[in-house]
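*Asks:* Starting off with a structure, shown below.
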Amino acid sequence: MTSIEKVSQWIEIFGEKITANREHLNKLDTAIGDGDHGSNLTRGAAAVKEKAAENDYDNLANFFKDVGMTLVSKVGGASGPLYGSAFMGMAKKAKESDDMAELLEAGLEAIQKRGKADVGEKTMIDEWAPVIESVKAGSFNQDVIDESLESTREMKATKGRASYLGDRSIGHIDPGAQSSAYLFEALLEAGVIDG
Amino acid sequence: MAKEYGLLIISHVNEIATGLAKLIDQVAADVTVKTAGGTEDGEIGTSFDKINAVLDEFKEDKILAFYDLGSAKMNLEMAMEFSDKEIKLYETALIEGAYVAASLLQADVDLETIEAQLDPLVIKE
Ligand SMILES: Nc1ncnc2c1ncn2[C@@H]1O[C@H](COP(=O)(O)OP(=O)(O)O)[C@@H](O)[C@H]1O
Ligand SMILES: [Mg+2]
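One line per chain: the protein sequences are F and E, in this order. Here the first sequence is numbered in this note's numbering, starting from 59 and rising by one per residue. Here the second sequence is numbered in this note's numbering, starting from 15 and rising by one per residue.
Structural data, given as structure tokens:
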């Protein structure tokens, strides 16, 4: 049973982490992109916070939908449509399920539908996929988050802006995987998933 | 006289989009060309809201769309899902693709023939 209180706390903590680590995310994106990932998401997090404060949600679907639409509008870049699609995918799923593993899986599917990337292409998917597997297996913890993130370092980017660098993209952590790592750390901290 | 199809140019940089529209206007004066370049606050990037708003401005119901880099495509595809218009997205080199399409639209060439001409210009997946 996933409660709306815990989920809104999750998103709030995610926003705080993004905002606090804005420069780190920008730095990661400077190495293999255009240096805006932290700024993009911080702008989105502020808008999400404002939106959430305006409303009193009584169901997950409406909450996720607002988060998704706000991110699409405010974040821009590749990560706007990607995170936006993820939350809209979760919103759709939330109409029939409140199982966190299923919700996250619907989010990942939406990311893949939007960005046409798969695991191993050095994107946020390399954080999402192993985390979801561990949630399903009941073994989700900080180590899973950290190891998945670190695994992106030696990958060669074949999707997104970093792919224009070819082999030069190797040796750097993917910024989108880092922001997704914050998303899942927030999930742990908010206690959305027991264990 | 207006044509059946309008043309949309999406770029990360406003000046790239408007510059290309200028190039095209010279050879396709009767084709409606609109642009969504840069973010809403004029920075480098692409914006779902901006693309959405521009789509609404077209009086044409059918639109051929051309873009520069990957995230422009993602924002465009999202906007396509929200729009009632019939939008076709082309994976060609931006300048060449949009130029060819506009020139042929101006000459009232049918879409099938236009697409055949665009085919060798496809450089994105
Ligand atoms: N096709 C894609 N599928 C999944 N994730 C992607 C894709 N393209 C980019 N990303 C993610 O987006 C991140 C970059 O986001 P951001 O900097 O906000 O956008 P942009 O690259 O447009 O500047 C990358 O680090 C990567 O994780
Ligand atoms: Mg970037």
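Ideal Cβ positions, reconstructed from N, Cα and C, are used throughout, including at glycine.
1) Three or more C-beta pairs closer than 8 Å, one from the segment 103-120 of chain F and one from the segment 62-76 of chain F: is that the case here?
2) Since residue 106(E) sits in a beta bridge, which residues does DSSP pair it with?
3) Taking the Cβ atom as the reference point for each residue, do residue 43(E) and residue 60(E) lie within a distance shorter than 7 Å?
4) On a Cα-Cα basis, can you pick out the residue from 193(F), 230(F) and 200(F) that is closest to residue 210(F)?
5) Counting only the same chain and skipping the five closest in sequence on each side, list residues whose C-beta sits under 7 Å from that of residue 109(E).
6) Are residue 130(F) and residue 62(E) closer than 7 Å when you measure CB to CB?
7) What would DSSP say about residue 154(F), mapped onto helix, strand or coil?
8) Quick check: is any heavy atom of ligand 1 less than 6 Å from the C-beta of residue 214(F)?
9) To which residues does DSSP link residue 25(E) through a beta bridge?
10) So what does DSSP say about residue 77(E), is it helix, strand or coil?
11) Hey, how far is the Cα of residue 253(F) from the Cα of residue 115(E)?
12) Starting from the C-beta of residue 141(F), find all residues in its chain whose C-beta is less than 7 Å away, skip the five residues before and the five after it, and write them out in chain order.
13) DSSP three-state label for residue 253(F), please.
*Replies:* Reading off the structure:
1) yes
2) Here residue 106(E) is taken as the residue at index 92 of the second sequence, counted from 1. 136(E).
3) The residue you call residue 43(E) lines up with position 29 of the second sequence. The residue you call residue 60(E) lines up with position 46 of the second sequence. No, they are not a contact pair.
4) Taking the first sequence and counting its residues from 1, the one referred to as residue 210(F) is at position 152. Residue 210(F) has its Cα closest to that of 230(F), out of 193(F), 230(F) and 200(F).
5) Taking the first residue of the second sequence as 1, we reach residue 109(E) at position 95. Scanning its chain for C-beta atoms nearer than 7 Å, with the 5 sequence neighbours on each side dropped, one finds around residue 109(E) the residues 34, in chain order.
6) Reading the first sequence from its first residue, position 72 is the one you call residue 130(F). Reading the second sequence from its first residue, position 48 is the one you call residue 62(E). Taking the C-beta atoms as reference points, residue 62(E) is found nearer than 7 Å to residue 130(F).
7) Locating residue 154(F) in the first sequence gives position 96, where the first residue counts as 1. It is coil, neither helix nor strand.
8) In the first sequence, the residue the question calls residue 214(F) occupies position 156. No, since every heavy atom of ligand 1 falls outside the 6 Å radius drawn around the Cβ of residue 214(F).
9) Numbered from 1 along the second sequence, position 11 holds the residue referred to as residue 25(E). Per DSSP, 51(E).
10) Reading the second sequence from its first residue, position 63 is the one you call residue 77(E). DSSP places residue 77(E) in strand when its eight states are reduced to three.
11) The residue given as residue 253(F) occupies position 195 in the first sequence. The residue given as residue 115(E) occupies position 101 in the second sequence. In this predicted model, residue 253(F) has a pLDDT of only 46, less than 50, meaning its place in the structure is not dependable enough to derive any value.
12) Working through the first sequence from its first residue, we reach residue 141(F) at position 83. Around residue 141(F): 129 and 133.
13) Here the question's residue 253(F) lines up with position 195 in the first sequence. Low per-residue confidence applies at residue 253(F): pLDDT is 46, beneath 50, and the placement is therefore not dependable enough to give any value.
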